[in-house]
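First the structure, in the form of structure tokens, and then the observations on it.
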Amino acid sequence: MTLSEKNFLIQQYRDTSRLSINHNYLYDQFADSEAIFDEIRELVVRGDFTLGEAVRDFEAQFAEVSGAKHAIGVGSGTDALFLSLKAKGIQDGDEVITSPYTFYATIGAIVTAGAKPVFADIGADYNIDPAEIEKVITPKTKAIVPIHWSGLICDMPAIGAIAEKYNLAIVEDACHAIGALRHGHSAGAFADTACYSMHPLKNLNVWGDGGVIVTNDDELARKLSLMRNHGLVNRDTCEMFAYNSRLDTLQAIVAKHLLKKIDHITDSRICNAAFFDRELMDVDGITVPPRAADAKQVFHIYVLRSERRDELVKHLIDHDIDAKIHYPTPMHMQPAAAAFQYKKGDFPIAEATCDSVFSLPVHEFITDDQRQHVVATIREFFAA
Amino acid sequence: MTVTVPFVAIGKQYEEFREEILQVFDAISKTGHHVLGPHLQRFEEAFAAYCGTRFAVGVGNGSDALTYSLLAHGIGAGDEVITAPNSFVASAWTIANVDATLVFADVGDDYNLDPEKVEAAITPKTRAIMPVHLTGQIADMAAMEDVARRHNLILIEDSAQAVGATQNGQKAGSFGHTGCFSLHPLKNLHVHGDGGVLTTNNEEVANKVRQLRNHGLINRDECEFWGYNSRLDEIQAAIASIKLNHLDRLNNRHRQIAKRYGDALSGVVRVPVVRDHNQPVFHRYIIRHESRDELARQLVERGVETKVNYPIPLHRQQAAAGLDYKEGAFPVAEQQAREILSLPMHPYMTEDEIDHVITSIKDIATTL
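Same order as they appear, the protein sequences are chains A and L. Here the working numbering is used: the first residue of the first sequence is 1, the next is one more, and so on. Here the working numbering is used: the first residue of the second sequence is 1001, the next is one more, and so on.
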């Protein structure tokens, strides 16, 4: 394998660019970027590239949109998680409870913060099951990282009660959940911090990597602001040796512009998801997960289950539909998790979920014809 | 007439490359392919060729290049890493970040680690030396390589200030096991935000860093080890490629300005010491004067912006309290911290601006 092939994302884009109903919609999203370019032209003349004015503006706007007191722009969603854990004092020997059904970054952030990830199984809604969390708490447990999978906020009042009982920190992985609500609250309401990614594939996305942390805790916000910038109080004084993870000013400009469209982006996804739910609910062979009545789920990804998943995904791709699998292997079964000594069968729901999930495109550029084509293709598959 | 001489002029460089850069924004934003794509690959190949190394790996910033250099060589808890106390804080925190013990050694007249002091600081726990090519002049790498070889140590070059600098014709970043570069906006080769790149001749290290920067992934669905997320964005890589084509010319302008300063100010203030066989790139042009603060104050009055890189040595930072270094532990670095002053330095300085800086320093120095 050559080094360039190790940049596997290149191949991923090549593989799917021939499909017409695609997960990647950025071409449409940024077809008219003149307003962004205008602001970038001003930025480059000022040279205000790191922690500039647009970062402060974006942070203020994002805090307001997510109903939090503070927002801190950082380099990525991964770093948002890592910095939050470090800011809460997570270190070597600590245990952090999370879901085995997530993207690698959740676990990467826990491990690189020095802690051991301890998994608790999920429920039918794909989110960590609060009852399972309580079973794996030990004297070493220091934090819980719930993931709001596919934009559905976890049962945070229940998780918050556990955290309070055992004096644990809560760092929410809200990378899928920009604009989501549950029990009337955004991510972060019941936590120390909530962490968002603005990777190009996220609902609120920038032109590269980017992330943001929200918190209601003044002291934590101050600490995170220092930690993302070498621990510097000012140019010449370093209060703590920390990290370098800043949201570029340029990316904050892109984020600010997209933030104006976030309601439309979210509403389109909810509308497309509701359409698929309705049209596919009765298809024998498809399982639509339970939808929480008290939630505004924002569908960063739209995930269904089928026992014939692999055949179905192939069938969809053959019919020009970019079906994906998020993700086929649970975290405890990854080669990287070998040292934690979990085995197959430890998390039966997560394992069954990984064996059967597939994702359909639900972004705001999907047309009604395309939605109909997706439904017809799936119905045809199961009728045959 | 009031003359103002700014310390840097990032905006002026943009004017030079404006059309090319705007095309990059437009082209990449249209594809929607922003992370780990063909522009990064092209920049990595060009940068490796420029530095004379087999591999270059783009990362999110210079600090992460240092962190991954340490991790890729298995350096961690219980290990000691020796570096300079007069650097930017990132050299120090990256060592602390991998749980290794931070050990400082004093510097020489050239602001770089003194090889004899390095050797004196070596213990059985020492695993690596991290020389910082401060101001854009390469540390004495023949001596560093000798020390590293004799004690079987990893050599990590903090080349953040030294892109394009040479020693005996060899480029910064090609001496050590890895070379670590920042592409921060203030650097000689810079992007429009944070960025970094790591060089190495070791394929295993290059592959490890490529995984470390991307969640430890082998492919989309398989994770070999838990890693980080620190990638050089496609847009930034494309901008870096554009500027790399012009780097030698821009660095030569730094050298010309340094020569003008040196010729005029030698004997007035202490001008930089350039070691034999070195071609620095003068990321910073640092003079020394006993009445530094007064000199700086009066220069501001004359519209000349200066900086101090850096006024508080790392071992005297609050963050270093746990290391128990006392005032006086590194007398050379401490003395320099009281006297150093960085003069305006960027490729777009006009002859009038250079003259104004020189005349002002000469005028003020006679009164101090």
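Heads up, the beta-carbon is just placed ideally off N, CA and C, and yes, glycines get one too.
The alpha helix (DSSP H) enclosing residue i, as first and last residue numbers
i         : result
A:Asp368  : 368-383
A:Phe82   : 77-87
A:Phe58   : 53-65
L:Met979  : The requested residue 979 of chain L is not part of the displayed model; chain L covers only 1001 to 1368.
A:Val214  : Segment 211-215 is the beta strand (DSSP E) holding A:Val214; no alpha helix (DSSP H) there.
L:Arg1316 : Note, L:Arg1316: premise wrong, no alpha helix (DSSP H); not H, not E.
Cross-chain neighbours of residue i in chain A, by beta carbon under 7 Å
i         : result
L:Asp1311 : A small correction: the amino acid at residue 1311 of chain L is Pro; Asp does not occupy that position in the sequence shown. Within chain A, the residues near L:Pro1311 are Asp236.
L:Phe1225 : Ala336
Contact set between residue i and chain L, taken where Cβ atoms lie within less than 9 Å
i       : result
A:Ser33 : Phe1025, Asp1026, Ser1029, Lys1030
Contacts of residue i in chain L (Cβ-Cβ under 7 Å)
i        : result
A:Asn24  : Gly1032
A:Gly67  : Near A:Gly67 there are no residues of chain L at all, since even the closest Cβ is about 26 Å away, more than 7 Å.
A:Pro328 : Asp1221
A:Pro200 : Gly1032, His1034, Val1035
Residue span of the beta strand (DSSP E) that contains residue i, given as start and end
i         : result
A:His70   : 70-74
L:Leu1341 : 1340-1343
L:Gly1058 : 1055-1059
A:Ser197  : 193-197
A:Tyr302  : 302-305
L:Leu1155 : 1154-1158
L:Thr1101 : 1101-1104
A:Ala352  : Run containing A:Ala352: none in the beta strand (DSSP E); it sits in the alpha helix (DSSP H), 348-356.
Where residue i meets chain L, residues with beta-carbon distance less than 8 Å
i        : result
A:Met240 : Gln1318, Ala1319
A:Val212 : The contacting residues do not exist; A:Val212 stays about 14 Å from chain L at best.
A:Asn203 : Residues of chain L passing the Cβ test: none, with the nearest at roughly 14 Å.
A:Thr50  : His1184, Pro1185, Gly1193, Asp1194
A:Thr112 : Trp1226, Gly1227, Tyr1228
A:Phe30  : Ser1029, Lys1030, Gly1032
Buried/exposed call for residue i, threshold 16 Cβ in 10 Å
i         : result
A:Asn7    : Low confidence applies to A:Asn7: its pLDDT is 41, below 50, so where it sits in the model is not reliable enough to give any reading.
L:Lys1243 : buried
A:Ser20   : exposed
A:Arg14   : Note that A:Arg14 has pLDDT 49, beneath the 50 cutoff, so the model's placement of it is unreliable and the number below is only indicative. The residue is exposed, with fewer than 16 neighbouring Cβ atoms inside 10 Å.
A:Arg246  : buried
L:Leu1368 : exposed
A:Gln297  : buried
A:Gln11   : Model confidence at A:Gln11 stands at a pLDDT of 47, short of 50, so the residue's coordinates are unreliable and nothing is read from them.
L:Arg1150 : exposed
L:Ser1360 : buried
L:Arg1018 : exposed
A:Lys88   : buried
A:Gln341  : exposed
A:Thr2    : Model confidence at A:Thr2 stands at a pLDDT of 39, short of 50, so the residue's coordinates are unreliable; what they give is reported in the following sentence. It counts as exposed.
L:Met1130 : buried
A:Asn127  : buried
L:His1215 : buried
A:Arg182  : buried
L:Asp1109 : exposed
A:Gly151  : buried
A:Thr78   : buried
Contact list for residue i against chain A, beta-carbon separation under 8 Å
i         : result
L:Leu1022 : Phe37, Arg41
L:Asn1229 : Gly75, Ser76, Gly77, Thr78, Asp79, Ala105, Gly108, Asp209
L:Asn1086 : Ordered by position in chain A, no residue passes the 8 Å Cβ test against L:Asn1086, which lies about 13 Å from the chain.
L:Ala1096 : Phe241
Chain-ordered neighbours of residue i on chain A, where CB pairs are closer than 9 Å
i         : result
L:Gly1011 : Val44, Val45, Arg46, Gly47
L:Gln1236 : Gly208, Asp248, Leu250
L:Ser1063 : His230, Tyr243, Asn244, Ser245
L:Gly1060 : Gly75, Ser76, Asp79, Asp209, Asn244, Ser245
Residue i: contacting residues in chain B (beta-carbon distance under 7 Å)
i        : result
A:His230 : The structure shown contains no chain B; its protein chains are A and L.
| query | If you scan the stretch 1225-1305 of chain L from start to end, which runs of the alpha helix (DSSP H) of 4 or more residues do you find wholly inside it? | reply | Given a length threshold of 4 residues, each whole run of the alpha helix (DSSP H) inside the stretch 1225-1305 of chain L is given here in chain order: 1234-1244, 1247-1265, 1292-1301.
| said: Quick check for students: name the residue ranges of the beta strand (DSSP E) that lie wholly in the stretch 222-263 of chain A, counting only runs of 3 or more. | reply: 232-234
| message | Output needed in chain order: residues of the stretch 1282-1304 of chain L with a Cβ under 7 Å from some Cβ in chain A. | response | none
| said: Beta carbons nearer than 7 Å to chain A: which residues of the stretch 1209-1223 of chain L have them? | reply: Arg1210, His1215, Gly1216, Leu1217, Asn1219, Arg1220, Asp1221, Glu1222, Cys1223
| message | By the 8 Å beta-carbon criterion, what residues does the stretch 1174-1188 of chain L contribute toward chain A? | response | His1184, Pro1185
| Which residues, in order along the stretch 136-160 of chain A, keep a beta-carbon less than 8 Å from a beta-carbon of chain L? | none
| task | At 4 residues or longer, and completely inside the stretch 1171-1215 of chain L: list those alpha helix (DSSP H) runs for me, N to C. | result | 1203-1212
| Which ranges would you report for the alpha helix (DSSP H) in the stretch 264-345 of chain A if only whole runs of at least 4 residues count? | 309-318
| query | Taking only runs of the beta strand (DSSP E) that begin and end inside the stretch 116-187 of chain A, which ones reach a length of at least 3 residues, in chain order? | reply | 116-119, 141-145, 169-173
| request: Mind checking the stretch 369-381 of chain A against chain L and listing, in chain order, the residues whose C-beta falls within less than 9 Å of any C-beta there? | output: Among the residues of the stretch 369-381 of chain A, none has a Cβ less than 9 Å away from any Cβ of chain L.
| message | Suppose only complete runs of 4+ residues qualify. What are the alpha helix (DSSP H) ranges in the stretch 1030-1099 of chain L, listed by chain order? | response | 1038-1051, 1062-1072, 1089-1097, all fully within the stretch 1030-1099 of chain L.
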